[in-house]
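Following: one structure in structure tokens, then a few remarks.
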Amino acid sequence: MAEIHPLGPARTKFCKEALDLVDGEAGLMQEVISLLASKAGCVRVREIAEQHFSQLTPAQYTRLFDAQILPFLKTITHKNVTSSLILAPRLMTVYNILYGGNGQCAESLFTAVAKHLQALTLTHPDELDAADTNTADTIETVFTALDAPDKLVEVNTESQAHDGLRVVVETMRQLFEAPLPATAAFAYRPALKYLRRVEQRFGLGQTLPDGKDNVKIATRHAVFDLACERPGELSEDGRRHDNDHVDIPQISILPTLQEIQSPRNEYLPLADPKEWYIGGLKGLLDRHFRLLREDTVGQLRDAAKFELERLHDPHAQDRKRQGARTFVYRNVAVSDLAFDSFSGMEVALSFDQPRELQKKSERQRRDWWDGSKRLGHEALVCLLSSEGSATFFIVSPAPIRPKKDVQTGKIIQPLHKGYNLWSEEERAHVIAKPINQSDTYTLLDQLMNGYAEQLSLVEFPGVLLPAFRPTLQAMQTMSETLDVPFAEVLAPVSMTANADRDIDVGPPNYATRPGFRYNLSAVTNAGTRLYMTPARNTEETTAELTAHSSLDFGQAQSVVSSLSRFLALIQGPPGTGKSYTGVQLIKILLDDKKAGKLGPIICVCYTNHALD
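All the letters of the sequence shown, read from the start, carry residue numbers 1 to 612 under UniProt numbering.
Given below as structure tokens:
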């Protein structure tokens with residue numbers, strides 16, 4: 001391979017052209033990131049990031065930042081780049097190179113970026129209510145400067161323990177601690193989500209005091225100090241099994257064989273955030289993931305464990321069955337396999353017909369299976385082996401249309417043509433698809449071994465994988481990205497250390513726009529003009545709304561309070577007008593749609609009455 005020479009002065013052209021290309025068509029964008037992730041591209045990334053920033057004067061660094069650093073950071077944080085699944089592994093390579101072996105490269109780069117942000121004039125010195133004359137450029141710079149370290153920490157978990165980067169984040173946070181004029185505060189508000197997210201990753205702010213006005217006198221309480229269990233390698237007794245991990249994205253949704261066989265109880269976080277092994281938003285997601293998984297998958301695990309123990313020791317005394325309600329089919333064999341380029345492997349599993357069907361006619365057997373609703377489409381089943389394996393399947397429906405071989409054009413006969421539950425008097429067959437295609441080799445071995453091992457098929461009636469797996473997978477993804485709506489309410493950074501701290505729920509973003517006010521005329525009598533802003537006295541507005549509308553005092557109070565907060569909950573006994581109040585809120589929001597640039601509105605109802 002030819003030697004890669006430094007770019008030198010051509011770095012400016014390199015960075016600007018890269019940004020121009022990712023702003024264009026998808027093919028060029030993918031090629032740019034792929035080249036940056038190549039061996040030569042990694043050299044260019046290091047060359048840009050490893051410059052001697054500390055030796056430059058402020059004026060020199062400003063020119064360098066505008067010409068090279070900012071275009072480069074915009075390239076690797078571009079929304080089209082970060083949203084591409086194809087580019088995800090290549091982008092991860094770029095960020096890992098940017099981080100460097102010990103994080104010094106990223107620390108040097110982002111320290112210089114943070115100092116540059118501190119030097120920016122966020123507001124015009126002569127106009128306290130107006131944004132800087134270069135506001136658009138400044139806002140974009142701040143967005144990029146906060147987005148880049150957030151993405152870095154997301155893909156490189158090692159960086160979350162880097163003290164130098166922690167200092168960088170604290171420096172960036174200081175930018176927004178001083179009060180800003182209304183226009184500037186509104187403009188920079190969206191950028192704060194990146195800062196809050198990276199603070200969550202570093203655990204910053206978890207020991208923030210409540211403030212002088214909320215100081216409580218310490219009192220003594222009698223408590224039971226119990227030893228707290230921990231997940232994975234943090235547990236004093238070591239990992240429970242191969243699916244016991246500290247980080248929830250590494251946990252398999254369905255239980256593994258070791259997990260089924262494990263004699264130890266799973267780690268389940270307590271309700272008190274102070275007892276969690278990790279705080280903030282990650283701690284909240286961790287707790288909800290583990291508890292929901294235990295409620296859904298835990299019962300499957302316990303039921304599978306019961307049957308697996310019976311397979312290992314058929315003559316043991318009867319034990320009390322635990323876990324989900326199940327149907328167990330014995331003497332199972334893997335009869336046939338089929339492969340499809342779209343859906344992967346499908347398996348024909350045979351087992352003994354239930355005793356009551358073995359002397360029935362085919363028609364009677366079919367009626368029984370249809371009426372029992374057993375092994376229906378998308379049913380969740382688990383194949384257990386006496387030799388030690390557990391494979392989860394979902395029952396495959398028969399294809400609606402015949403499939404053709406891509407190469408020959410011939411129609412492929414599905415397994416459903418040759419196998420079903422009722423045709424044979426002694427054996428029933430079900431067609432199922434393994435949930436994890438990695439189980440292919442295990443199934444091939446079971447097909448070759450025939451009856452050399454005992455197999456049981458456990459069905460979990462009423463349990464549908466789509467009912468819980470997408471939710472658990474979403475929590476795993478959110479734990480990595482920390483991109484969660486209302487994160488500042490659900491898990492403020494101070495929650496772990498101050499679990500009882502009150503959260504200040506401020507107005508929605510659109511209501512903080514300078515000059516914005518709600519027009520309440522849509523719900524007043526005879527179109528009486530009435531306006532409100534979140535900063536206005538709510539009691540005064542409530543009284544005026546009660547006097548000039550059909551709302552009673554409690555309903556008017558709910559409307560005014562809801563409009564003053566970005567998250568509002570309205571409760572009351574039946575018949576007090578909760579739904580009616582919600583309708584009035586919608587009318588006001590629709591009337592202010594243009595002024596607040598609102599929409600869309602999502603309405604979720606649990607009853608038809610509420611929907612009407």
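Note that the Cβ used here is the ideal one computed from N, Cα and C, for glycine as well.
If you're wondering where the values come from, they're calculated on a predicted model, not measured in any experiment.
One Cα belongs to leucine 285, the other to serine 252, and the distance between them is close to 16 Å. Taken atom to atom, the span from the alpha-carbon of arginine 44 to that of leucine 7 is near 8 Å.
In the structure shown, the three-state DSSP call for phenylalanine 392 is strand. Cβ-Cβ separation between valine 560 and methionine 532: approximately 7 Å, consistent with a contact (criterion under 8 Å). DSSP lists Tyr531 as the beta-bridge partner residues of asparagine 519.
In the DSSP assignment, alanine 348 falls within the unbroken beta strand (DSSP E) covering 344 to 352. The Cβ atoms of alanine 511 and proline 534 lie closer than 8 Å to each other. Note: aspartate 445 is not bridge-paired with any residue in the DSSP secondary-structure output.
Listed in chain order, the non-local C-beta contacts of glutamate 309 below 6 Å within the same chain number zero, local neighbours out to five positions each way being set aside.
Here glutamate 307 is near valine 458, since their CB atoms are less than 8 Å apart. The alpha carbon of tyrosine 95 has as its nearest neighbour, out of Gln55, Thr296, Glu158 and Trp276, the alpha carbon of Glu158. Between the alpha carbons of alanine 114 and threonine 93 lies a gap of roughly 24 Å.
Shown here for leucine 56: same chain residues with a beta carbon closer than 7 Å to its own, the five before and five after excluded, namely Leu64 in chain order. The count of Cβ pairs closer than 8 Å, one atom from the segment 277 to 295 and one from the segment 368 to 388, stays below three, leaving the stretches out of contact.
Remark: C-beta atoms of aspartate 147 and threonine 77 approach each other more closely than 8 Å. In the three-state DSSP reduction, tyrosine 267 falls in the coil class, being neither helix nor strand. Here glutamine 160 is actually not in contact with arginine 189; their C-beta atoms are around 25 Å apart, not less than 8 Å. Around glutamine 454, the same chain offers Leu311 and Ser386 as residues with beta carbons nearer than 6 Å, after the five sequence neighbours per side are excluded. Minimum Cα-Cα distance from lysine 373 among the listed residues Asp336, Phe339, Leu421 and Leu563 corresponds to Leu421. Annotated three-state conformation of phenylalanine 53 is helix, per DSSP. The C-alpha of isoleucine 97 is placed about 50 Å away from the C-alpha of glycine 376. Note that the C-beta distance between leucine 444 and isoleucine 431 is not below 8 Å. Its Cα nearest to that of arginine 173, the residue Leu117 stands out among Leu117, Gly100 and Asn102. The criterion of a C-beta distance shorter than 8 Å is satisfied by isoleucine 248 and methionine 475. By alpha-carbon distance to phenylalanine 566, the top candidate from Arg330, Ala547 and Leu589 is Leu589.
Residue pairing by DSSP puts glutamate 459 in a beta bridge opposite Phe327 and Val381. Taking 8 Å as the cut-off, the beta carbon of alanine 487 is found no closer than this to the beta carbon of leucine 180. In this structure arginine 330 is in contact with aspartate 352, their Cβ atoms being roughly 6 Å apart against a cut-off of 8 Å. The DSSP-derived three-state label of phenylalanine 306 is helix.
With respect to the 8 Å criterion, valine 246 and leucine 234 are classified as neighbours on the basis of their beta carbons. Runs of the alpha helix (DSSP H) spanning 4 or more residues and lying entirely within the segment 136 to 202 occur at 163 to 174, 182 to 188 and 192 to 202, in chain order. Judged by their CB atoms, threonine 82 and lysine 16 are not nearer to each other than the 8 Å cut-off.
Checking the DSSP bridge columns, you'll see arginine 427 partnered with Asp352.
The Cβ atoms of leucine 551 and leucine 530 do not sit closer than 8 Å to each other. Distance from the CA atom of proline 573 to the CA atom of serine 579, rounded to whole angstroms, is 12 Å.
Membership of valine 484 in any alpha helix (DSSP H) is not indicated, and neither H nor E is assigned to it by DSSP.
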